[in-house]
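In my numbering, the protein residues as written are 321 to 580.
Written out as structure tokens, the structure is:
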């Protein structure tokens, strides 16, 4: 495997604080490497599928050279959280024993505001292409899921992408979809170079790269009670979805261009 896709594994030592209300209940935590991470828990609302989306979306962003804080696998020990006073958080931590996902915490970062920061046409087009490719419904004016840190733009939170996997039906149809929700993308007005970016990104991504990315999904995230498919079979569906979508990228690129 290309080392660019290898993730470090850290052990969570201290739960600091929940970050916002909502079903995913992410939290700020400190690990045994003395760094702080935004943790996404497999015991939260959408379970391991949100972590898989976060992992695949982040790994694809990394492969395309887009700015993303470091992703790590975050191990929660069996005893972790027993002393937590909040019962909801204690349950979340108990249900999340094992591997979770962490995003390096960018201390002092501020939420991207399109009224304050103008993103250049190339970067805007690259991010719009990424989100149309991975069907990310959550980079809108209401919730930009981008940060400004040291005067640079950083992408965060891809847990809402690849939403086909919540039903796991007709993935072929989803792979060929135009992704009409791209019309709500916060950077779409600046994304005037989609054809150029499409040509470039189709060279950077290929079945081998996508295979390496999908191979990083931990086995324990692919043991679904609602499915009789093996881990290898589930991985292959993700891979075929991404390959099909890449091979027919003109469908979602044209949708984005028309939406502009």
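Ideal Cβ positions, reconstructed from N, Cα and C, are used throughout, including at glycine. This structure is a prediction, so every number in the text was calculated from the model and none was measured.
Counting only the Cα atoms, residue 503 lies some 18 Å from residue 565. For residue 334, the enclosing beta strand (DSSP E) starts and ends at 329-338. The beta carbon of residue 529 is closer than 7 Å to those of 383 in its chain, skipping five residues each way along the sequence. Considering only 535, 476, 533, the residue with the shortest C-alpha distance to residue 358 is 476. Residue 412 has its alpha-carbon roughly 30 Å from the corresponding atom of residue 491. Annotated three-state conformation of residue 544 is coil, per DSSP.
The alpha-carbon separation between residue 437 and residue 327 amounts to approximately 31 Å. Shown here for residue 570: same chain residues with a beta carbon closer than 8 Å to its own, the five before and five after excluded, namely 518 in chain order.
The beta carbon of residue 452 is closer than 6 Å to those of 499, 502, 572, 576 in its chain, skipping five residues each way along the sequence. With fewer than 16 neighbouring CB atoms inside 10 Å of its own CB, residue 463 falls in the exposed class. Counting along the chain, the unbroken alpha helix (DSSP H) around residue 375 starts and ends at 367-383. Within the DSSP bridge table, the entry for residue 349 names 335, 357 as partners. Distance check between residue 543 and each of 533, 445, 554, 373 places 554 closest, using alpha-carbon atoms only.
With a 10 Å radius around the Cβ and a threshold of 16 neighbouring Cβ atoms, residue 389 comes out buried. Take the alpha-carbon of residue 339 and the one of residue 408: they are about 14 Å apart.
Setting aside the 5 residues that flank it on each side, residue 363 is surrounded in the same chain by 412, 415, 416, each with a C-beta closer than 6 Å to its C-beta; the list follows chain order. Judged by DSSP in its simplified three-state form, residue 472 adopts strand.
The same chain holds no residue with a CB closer than 6 Å to that of residue 470 once the five nearest residues on each side in sequence are set aside.
The Cβ atoms of residue 445 and residue 512 sit closer than 8 Å to each other. Annotated three-state conformation of residue 505 is strand, per DSSP. Residue 523 counts as exposed, since fewer than 16 other C-beta atoms from the protein chains shown sit within 10 angstroms of its C-beta. Using a Cβ distance threshold of 8 Å, residue 331 and residue 397 count as a contacting pair. Take the alpha-carbon of residue 548 and the one of residue 468: they are about 43 Å apart. Residue pairing by DSSP places residue 418 opposite 396 in a beta bridge. Annotated as distal: residue 460 and residue 482, with beta-carbon spacing of 8 Å or more. The DSSP-derived three-state label of residue 423 is strand.
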